[in-house]
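> Under the UniProt record's numbering, the first residue of the sequence shown is numbered 1, with each subsequent residue one higher. The beta carbon of each residue, even a glycine, is placed where N, CA and C say it ideally should be. Bear in mind the structure is a predicted one, so any value in this text is a computation, not a measurement. The following block contains the structure, expressed as structure tokens.
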Amino acid sequence: MTRAENINPSILTWARETAGLSLEEAAHRLGLTATEASTPEEKLQALEEGDKKPTRNQLLKIATVYRRPLTAFYMSAPPVIGDRGEDFRTIAAQVSPKESALLDALLRDIRARQDMVRTLLEEDEDTQPLTFVGRTSIRDNVALTAEAIRQALGIAAARDLRRFNGAEALFNDLRARVENLGVFVLLIGNLGSHQTNISETIFRGFAIADEIAPFIVINDQDAKTARSFTLIHELVHIFVGSTGVSGAPTTIEPATPTGRVERFCNDVAGEFLLPTGELPAPGQIAPGAERAVIRIVAEDWNVSEPMVAYRFQRTGRISDVIYRELVAQYAARWRAMRARQREQNRENENGPSYYVVRKHRLGRALLNFVGRNLRDNSLTHTKAAKVLGVKPSSVEPLLRGADRFGPFAPLER
Numbered sequence: 001m002t003r004a005e006n007i008n009p010s011i012l013t014w015a016r017e018t019a020g021l022s023l024e025e026a027a028h029r030l031g032l033t034a035t036e037a038s039t040p041e042e043k044l045q046a047l048e049e050g051d052k053k054p055t056r057n058q059l060l061k062i063a064t065v066y067r068r069p070l071t072a073f074y075m076s077a078p079p080v081i082g083d084r085g086e087d088f089r090t091i092a093a094q095v096s097p098k099e100s101a102l103l104d105a106l107l108r109d110i111r112a113r114q115d116m117v118r119t120l121l122e123e124d125e126d127t128q129p130l131t132f133v134g135r136t137s138i139r140d141n142v143a144l145t146a147e148a149i150r151q152a153l154g155i156a157a158a159r160d161l162r163r164f165n166g167a168e169a170l171f172n173d174l175r176a177r178v179e180n181l182g183v184f185v186l187l188i189g190n191l192g193s194h195q196t197n198i199s200e201t202i203f204r205g206f207a208i209a210d211e212i213a214p215f216i217v218i219n220d221q222d223a224k225t226a227r228s229f230t231l232i233h234e235l236v237h238i239f240v241g242s243t244g245v246s247g248a249p250t251t252i253e254p255a256t257p258t259g260r261v262e263r264f265c266n267d268v269a270g271e272f273l274l275p276t277g278e279l280p281a282p283g284q285i286a287p288g289a290e291r292a293v294i295r296i297v298a299e300d301w302n303v304s305e306p307m308v309a310y311r312f313q314r315t316g317r318i319s320d321v322i323y324r325e326l327v328a329q330y331a332a333r334w335r336a337m338r339a340r341q342r343e344q345n346r347e348n349e350n351g352p353s354y355y356v357v358r359k360h361r362l363g364r365a366l367l368n369f370v371g372r373n374l375r376d377n378s379l380t381h382t383k384a385a386k387v388l389g390v391k392p393s394s395v396e397p398l399l400r401g402a403d404r405f406g407p408f409a410p411l412e413r
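Below, the structure is given as structure tokens:
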């Protein structure tokens with residue numbers, strides 16, 4: 001039985017704990033069994049304390065269960081922090097160690113995939129840095145910044161956003177425009193299975209403000225009506241040049257540099273999607289009519305009611321007390337709706353196919369990028385699978401028909 005040598009036992013403990021697993025949970029998932037001499041937990045503890053070396057097969061299993069690359073177990077010491085970028089989440093959600101571990105695993109995966117895309121772009125002599133990344137300051141005027149982003153996306157006027165038939169149609173159009181800038185936009189809310197779903201209360205979006213291969217990740221566990229706001233919010237992060245993970249908007253006055261960046265991104269995204277000049281005048285909304293007015297505005301502008309409520313509060317149309325009451329009501333309604341959706345999904349076997357759903361989540365930009373590099377022999381099917389987050393056997397079915405979206409052509413580099 002071949003033993004894995006040169007393994008630092010402290011890495012085993014670190015990897016288990018950052019995976020959000022207790023000793024008992026990890027031993028069970030690793031398939032360790034009890035003997036007369038020791039329990040499964042004692043066997044794992046012996047590995048973590050260095051009393052025994054894991055076999056090669058055990059180490060492979062550990063890497064899979066802990067969601068770490070095999071090479072991580074040969075590090076001399078655990079890394080000090082994970083690579084989330086900045087944490088812009090300003091609302092303190094109750095996050096369990098397991099939920100935090102799932103988020104870290106997701107962000108590591110996205111970072112690895114983005115790094116592969118960046119490497120391929122750097123090897124292309126025609127690649128030029130994207131000039132809009134990091135060109136904006138949070139000291140800039142909110143309305144002027146929103147207008148500059150509209151111009152970059154080829155949107156003549158804010159009112160053009162009202163012509164779409166619903167929030168999903170608006171998001172699809174905005175996503176295509178953002179991808180045409182050279183940004184890869186993905187919808188991801190788990191690690192490949194519903195058992196690893198990450199709630200929108202844990203994160204809403206993630207931006208990698210890279211001038212060669214900028215990425216935006218939107219949590220697809222969130223409401224479809226919220227996606228346009230998250231998309232533009234994360235795009236503002238890229239314009240500002242700030243990489244990191246974001247949560248729900250808050251009206252709490254920011255007291256930290258990251259809080260001020262997040263407030264700016266929220267305000268610009270709000271102004272972009274629902275300009276102040278298009279809102280009812282302050283004092284115009286009758287007491288008790290706030291929710292009805294918010295619903296009408298949300299439907300008219302193809303955005304979510306919580307986003308309209310946030311704009312109303314930030315611009316003095318409603319009080320903070322009313323805003324908090326509305327947000328609580330919207331959250332309760334969303335939880336009930338999600339429960340009904342999960343029940344319907346269990347009963348309905350005629351939903352869209354795996355490949356249709358996966359294509360939508362990956363986006364036109366990434367699919368076309370991978371397809372081009374495969375055709376140019378710059379990418380193997382194994383590496384293409386890693387970039388797309390699928391098995392190698394799924395690469396060709398995913399790419400089949402992807403070019404019907406049209407060529408991916410960044411407007412400016």
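#1: Taking the alpha-carbon positions, what's the T18 to Y74 distance?
#2: Go ahead and label V183 buried or exposed: buried means 16 or more other beta carbons lie within 10 angstroms of its beta carbon, across all protein chains shown.
#3: Helix, strand or coil: which one does DSSP assign to I232?
#4: Contact check, W301 vs L273 under 8 Å by CB: the rounded distance?
#5: Using DSSP with H/G/I as helix, E/B as strand and the rest coil, what is E412?
#6: Going by the beta-carbon positions, is the gap between R204 and G363 smaller than 8 Å?
#7: Confirm, please, whether the CB-CB distance from D87 to T258 is below 8 Å.
#8: Can you tell me which of the three DSSP states L186 falls into?
#9: Expressed to the nearest angstrom, what Euclidean distance is found between the alpha-carbon atoms of V261 and R159?
#10: Might you give, ordered along the chain, the residues of its own chain that have their beta carbon closer than 7 Å to the beta carbon of R150, omitting 5 neighbours on each side?
#11: Under the rule that 16 or more other beta-carbon atoms within 10 Å means buried, what is Q344, buried or exposed?
#12: Quick one, which of K43, E36, T196 and V133 has its alpha-carbon nearest E234's?
#13: In whole angstroms, what separates the C-alpha of S38 from that of N172?
#14: Please tell me whether I238 and R227 are closer than 8 Å, where the distance is taken between their beta carbons.
#15: Alpha carbon to alpha carbon, how far is V390 from F312? Give it in angstroms, no decimals.
#16: Report the residue from D222, N348, R163 and A105 whose alpha carbon sits nearest the alpha carbon of S304.
#17: Let's see if you can read the secondary structure: which residues bound the beta strand (DSSP E) around A207?
#18: Which residue from T230, E99 and Q114 puts its Cα closest to that of N190?
#19: Straight-line CA distance for A4 to E125?
#20: How many Å lie between L153 and A213 at the Cα?
On the basis of the supplied data:
#1: So the alpha carbons of these two residues sit roughly 16 Å apart.
#2: By the Cβ neighbour-count rule, V183 is buried, with 16 or more other Cβ atoms within 10 Å of its own.
#3: Residue state, collapsed to three classes: helix.
#4: The Cβ separation is near 7 Å, so the contact holds.
#5: With a pLDDT of 38 at E412, under the threshold of 50, the modelled position of that residue is not reliable, and the figure given next carries that caveat. In this structure, E412 counts as coil in the three-state DSSP scheme.
#6: With respect to G363, R204 sits apart: the two C-beta atoms are not nearer than 8 Å.
#7: For T258 and D87, yes; Cβs fall inside 8 Å.
#8: Here L186 sits in strand by DSSP.
#9: If I take the Cα positions, the gap works out to 26 Å.
#10: Contacts found: A158 and F272.
#11: That one is exposed.
#12: With distances taken between CA atoms, E234 lies nearest to V133 out of K43, E36, T196 and V133.
#13: C-alpha separation (whole angstroms): 56 Å.
#14: Using a Cβ distance threshold of 8 Å, I238 and R227 do not count as a contacting pair.
#15: Looking at the two C-alpha atoms, the distance is approximately 42 Å.
#16: Among D222, N348, R163 and A105, the Cα nearest to that of S304 is on D222.
#17: Note, A207: beta strand (DSSP E), G205 to I208.
#18: With distances taken between CA atoms, N190 lies nearest to E99 out of T230, E99 and Q114.
#19: Their backbone Cα atoms lie some 42 Å apart in a straight line.
#20: Spanning the two alpha carbons is a distance of roughly 17 Å.
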